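Under the working numbering, the first residue of the sequence shown carries the number 38, and numbering increases by one thereafter.
Glycine included, every Cβ here is placed at the ideal spot set by N, Cα and C.
Every value quoted in this text rests on a predicted model; they were computed, and no experiment measured them.
The structure appears below as structure tokens.
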Amino acid sequence: MKTRQEHGRLRVSPSDFDAFLEGQARTGDPAERTSAVLRRELRGRIERWAAGVAARIAEGGVDLEAVVPDELDQHLSSRAPRAISQRVLFLRREFARGRVPFVDPVVDPLRAHAYLALAIDSVHLAVSFELCPEASADVKNLQARLAYAPLLLELLTALEALPDEVAIGVLGVPRFPQANRASADDVRALLELSQRSRRSLWIGWSVHREEALAHADALDGDLSDVLASLAEVYRVVAWAPDNDLIGATRRVDARRRRSSKVRAKEERERPRQKREERTTARKTRRQDGEDTRVRAAEPTSIRSPEPRVESAPPPSRASLAATLRGARKGRSSRRELAVVAGARVRVLTGAFAGKVGVVEALEPDGRARVRFGLLATTVEAKDLAPATGGRPMLASSHRGVGTKRG
């Protein structure tokens, strides 16, 4: 199994953004290279980087496939001008996509499923979780979770764990509030707006060109960290056999049971049908005079009573504890680590496991707000340990959330 270090680095450069300035050529070394050449080089680098991110997400229990569509695929999927951006999507593997219910075969497969994504264009770089209106099974699954209060805990916990820089909104709507402060009502309203406007629900982090270039060395890790955090949101939202909040699996099983009963009945009826067919054929031959010597046919046997088939009892409804796949755990009885503002700490578990950061503030509920370069997130104090080393912290130049994307 490859380690993260063995996969490619993204290492964005000015030419990566310039490649999407339509109609302009950029000078390379030793000869002039067109924007198309620059885009192809970036696409290859993104493919290698995405392989490492997919492996990291899989370690967290979410198995996704990295798909890097070419310019034509992106053009057909988004109906936008060619060469406007380059994306990589992390979505269900092909064999799993075929099992998802409510998928319209005429819908673009890149929009029929929820996915994680990275996108780069001429002005910004972004990582996100996106839920298109065409992803019917995933949309219905989220609606079911929002409609049942006990199931909201897992969703709100996943949102609260996101870094402060991650925003939530609907593409095309100017304002994107902070995702880790979103309430259940906020998510309901945004999902309804997404369905009405037929635009995607978007949860992500957008970094402008200047900021990305200023922190290019640290950006690879930050982008991977945010995607790992968003993978937990994907896990609780996206439909799966073990996250089936709409009963699709039960309906499929019921159809299979009905089909099995029909086939069993046909098998039981087949001998009687054959006897009736033979009797009818003999009567027809006698009436037509084909064989006047054949005795009048009598029923060969009396049908024996059929064995009674007991129907299977209906499946019992799963208990509430079983439906909450990852409900927030109670506070540990262990003594929590005493941390102070300004201390350098290392995260022990979760999407940021192994990362070294600086404690910015302590929360009243036993959590600490920790900054990792461009990102800041809230972590349980018991999941922190004193750090003796790690990469140097960078001053943040990020803009506040709630501003326009783009």
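Using CA coordinates, which residue listed in Thr321, Asp281 and Ala255 is at the minimum distance from Arg46? Of the candidates Thr321, Asp281 and Ala255, Ala255 places its Cα closest to the Cα of Arg46.
Are the beta-carbon atoms belonging to Ser237 and Ser243 less than 8 Å from one another? Going by beta carbons, Ser237 and Ser243 fall outside the 8 Å limit.
Where does Val274 sit, in a helix, a strand or coil, going by DSSP? Of the three classes helix, strand and coil, the one that applies to Val274 here is helix, per DSSP.
Residue range of the unbroken beta strand (DSSP E) whose run includes Ala154: Ala154 -> beta strand (DSSP E) spans Tyr152 to Ile157.
Assign Ala56 to one of two classes, buried (16 or more other C-beta atoms within 10 Å of its C-beta) or exposed (fewer than that). The residue in question, Ala56, is buried, as its Cβ has 16 or more Cβ neighbours within 10 Å.
Measure the alpha-carbon distance for Leu208 versus Ala268 and round it to whole angstroms. In this structure, the alpha-carbon of Leu208 lies about 20 Å from that of Ala268.
Does DSSP put Glu400 in a helix, a strand or coil? Glu400 falls in the coil class under three-state DSSP.
Please look up how many angstroms separate the CB atoms of Val224 and Ser173, rounded, as I've assumed it's under 8 Å. Incorrect: roughly 18 Å between the Cβ atoms, too far for contact.
Ser266 CB to nearest chain B CB: under 8 Å? Among the chains of the structure shown, chain B does not appear; only one protein chain is present.
On the CB-based measure, 16 or more other CB atoms within 10 Å of its CB, does Arg362 come out buried or exposed? Because Arg362 carries a pLDDT of 42, less than 50, the predicted location of this residue cannot be relied on, and the following value inherits that uncertainty. The residue in question, Arg362, is exposed, as its Cβ has fewer than 16 Cβ neighbours within 10 Å.
Less than 8 Å between the beta carbons of Ala216 and Ile205, yes or no? Yes, the Cβ-Cβ distance between Ala216 and Ile205 is below 8 Å.
DSSP state of Leu421, grouped into three classes? In this structure, Leu421 counts as strand in the three-state DSSP scheme.
Tell me whether Pro412 sits in a helix, a strand or coil according to DSSP, three-state version. Strictly speaking, residue 412 in this sequence is Leu, with Pro absent from that position. DSSP places Leu412 in the strand class (E or B) of the three-state scheme.
Limits of the beta strand (DSSP E) - the one that Ala163 falls within: For Ala163, the uninterrupted beta strand (DSSP E) segment begins and ends at His161 to Leu168.
DSSP puts Gly284 in a beta bridge; with which residues? Paired residues: none, contrary to the question.
Please check the pair Phe409 and Gly387, which I expect to be a contact at CB under 8 Å, by giving their CB distance rounded to whole angstroms. The Cβ separation is near 12 Å, so there is no contact.
Burial state of Phe152, where buried means 16 or more other Cβ atoms lie within 10 Å: This sequence places Tyr at residue 152; Phe is not what is there. Tyr152 sits buried, since 16 or more C-beta atoms from the chains shown fall within 10 Å of its C-beta.
Return the CA-CA distance between Ser369 and Val384, expressed in angstroms with no decimal places. Its pLDDT being 42, under 50, Ser369 is placed unreliably in this model, and the value from its coordinates should be taken loosely. Computed Cα separation, rounded: 16 Å.
Can you tell me whether DSSP reads Phe132 as helix, strand or coil? The answer is helix: DSSP assigns Phe132 an H, G or I state.
CA-CA distance, Leu147 and Val125? Each residue's Cα considered, the two are about 11 Å apart.
Under three-state DSSP, which class holds Arg235? Note: Arg235 maps to coil in three-state DSSP.
Cα-Cα separation between Asp453 and Glu397, rounded to whole angstroms: Because the chain in this structure spans residues 38 to 443, residue 453 falls outside the shown range and cannot be described.
Which complete beta strand (DSSP E) runs does the region 218–270 hold, if anything under 3 residues is left out? Counting whole runs of 3 or more residues, the region 218–270 contains the beta strand (DSSP E) stretches 238–245.
For Glu131, count the other beta carbons within 10 Å of its own beta carbon; 16 or more makes it buried, fewer makes it exposed. Which is it? Exposed.
Cα-Cα separation between Val407 and Pro401, rounded to whole angstroms: So the alpha carbons of these two residues sit roughly 14 Å apart.
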